[in-house]
Each structure stands twice: as structure tokens, then as C-alpha cells.
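Under numbering that gives the first Met the number 0, the sequence shown has 9 at position 10, and the numbering climbs by one with no breaks. We put the CB at the ideal spot given by N, CA and C, even for glycine. Since the structure comes first, as C-alpha cells, the remarks are kept for the end.
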Amino acid sequence: MEKIPSLSELFDHTTNNDLEILQSHKCSCLFCRHTIDAREVQDWISDEQGVSAICPECGMDTLIGDASGYSFTKEELKEINTTYFGEDFMERHPEAAKTYCERYREGKITNKAANELKTRLCSILGDDDGGEVWASTF
0 MEKIPSLSEL FDHTTNNDLE ILQSHKCSCL FCRHTIDARE VQDWISDEQG VSAICPECGM
60 DTLIGDASGY SFTKEELKEI NTTYFGEDFM ERHPEAAKTY CERYREGKIT NKAANELKTR
120 LCSILGDDDG GEVWASTF
């Protein structure tokens with residue numbers, strides 16, 4: 000990839016992307032940087048923007064299918080993630096942290112590293128020792 004596509008170019012393919020995902024073989028998540036088989040997408044969100052795929056690894060609606068014309072290497076996904084989200088995304092967006100916790104509790108996230116997020120998310124949600132919020136969330 001010569002140049003990172005603009006945020007709007009990328010996000011045009013992460014919202015209202017149900018048909019594009021269904022036509023894809025592989026999908027890449029701009030948030031958690033996983034690439035998965037498009038058939039692994041089992042969860043969708045429907046809002047005023049249309050129907051959008053939810054990443055089964057992280058629960059975010061940041062999946063782009065290869066039918067969009069985009070296909071990314073791990074290095075490219077890392078560059079996109081760092082450029083557009085940054086390391087402190089959850090801290091800057093506590094609503095995203097709450098949504099993540101809710102989706103995890105519902106069993107819609109398969110992220111193998113969920114325990115690594117415990118301290119960070121509990122802190123974001125105002126439970127520094129991780130007891131009450133984590134217990135009620137997970």
C-alpha cells in the first residue's frame with residue numbers, strides 16, 4: 000500500500016457494508032487488526048446508516064471486506080490502526096469501552112486476549128481495582 004487511504008474512504012466501507020461483507024472472502028478489522036474469513040461474521044448492527052458488520056474478535060463495527068477492493072497486510076492494518084485510532088482510543092471513547100463490555104458479556108466477542116483488557120477497561124469505567132464493574136460486566 001503506497002499511501003494509507005483517507006479515513007472517509009475506509010469508513011465508507013465499514014458502515015452499511017452488509018452486502019459488501021457477504022460478497023467478500025476475507026475481512027479485516029481496522030480496530031483489532033484481525034483478518035478473518037467473511038463467513039465468521041455473525042453479528043450485525045442496524046442503525047440510521049444501514050446494516051454494518053461487527054468484528055467477532057473485538058466487537059467493533061470496523062470491518063472491511065475484500066469485495067471493497069481493499070486488502071491489507073498485518074503491517075498495513077497496524078499503520079491504519081495507529082494512524083486513525085491510536086493507543087488510547089478506549090480512554091478517549093468510554094462509550095466504546097462500555098459497548099465492548101456489553102458485547103463481551105453477551106458472548107459476541109471471541110477476543111482471546113480479553114483478560115489483558117480487564118485493567119484498562121475497568122479503569123475507564125471508573126472501577127480502578129476491577130472488582131465491581133468487571134464482575135457485573137463479565
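Counting C-beta neighbours from all protein chains within 10 Å, is the total for residue i 16 or more, i.e. buried, or is it exposed?
{"i": "E74", "result": "exposed"}
{"i": "T13", "result": "buried"}
{"i": "G56", "result": "Strictly speaking, residue 56 in this sequence is Glu, with Gly absent from that position. E56 is buried by the Cβ-count criterion."}
{"i": "L21", "result": "exposed"}
{"i": "G85", "result": "exposed"}
Strictly by DSSP, which residues pair up with residue i?
{"i": "A52", "result": "W43"}
{"i": "C28", "result": "L62"}
{"i": "D36", "result": "K25"}
Could you pull out every residue in the same chain whose Cβ sits closer than 7 Å to the Cβ of residue i, ignoring the five residues on either side in sequence?
{"i": "I44", "result": "S51, I53 and D60"}
{"i": "T82", "result": "I3"}
{"i": "L6", "result": "Y83"}
{"i": "G68", "result": "none"}
{"i": "Q41", "result": "P55"}
{"i": "G106", "result": "none"}
Using C-beta distances below 6 Å, list every residue in its chain close to residue i, excluding the 5 sequence neighbours before and after it, in chain order.
{"i": "N114", "result": "Unreliable positioning characterises N114 in this predicted model, as indicated by a pLDDT of 45, which lies under 50. A coordinate reading is not provided."}
{"i": "I35", "result": "C26"}
{"i": "S64", "result": "What sits at residue 64 in the sequence shown is Gly, not Ser. Closer than 6 Å at Cβ, skipping near neighbours: E19, I20, S23, C26 and A37."}
{"i": "E39", "result": "P55"}
{"i": "F71", "result": "S27"}
I'd like the span of the alpha helix (DSSP H) that includes residue i, first residue to last.
{"i": "K73", "result": "K73 to Y83"}
{"i": "K97", "result": "P93 to R104"}
{"i": "S7", "result": "L6 to F10"}
Quick one: residues in its chain with C-beta nearer than 8 Å to the C-beta of residue i, no 5 flanking neighbours on either side, listed in chain order?
{"i": "D17", "result": "W43, G49, V50, S51 and A52"}
{"i": "K77", "result": "R32"}
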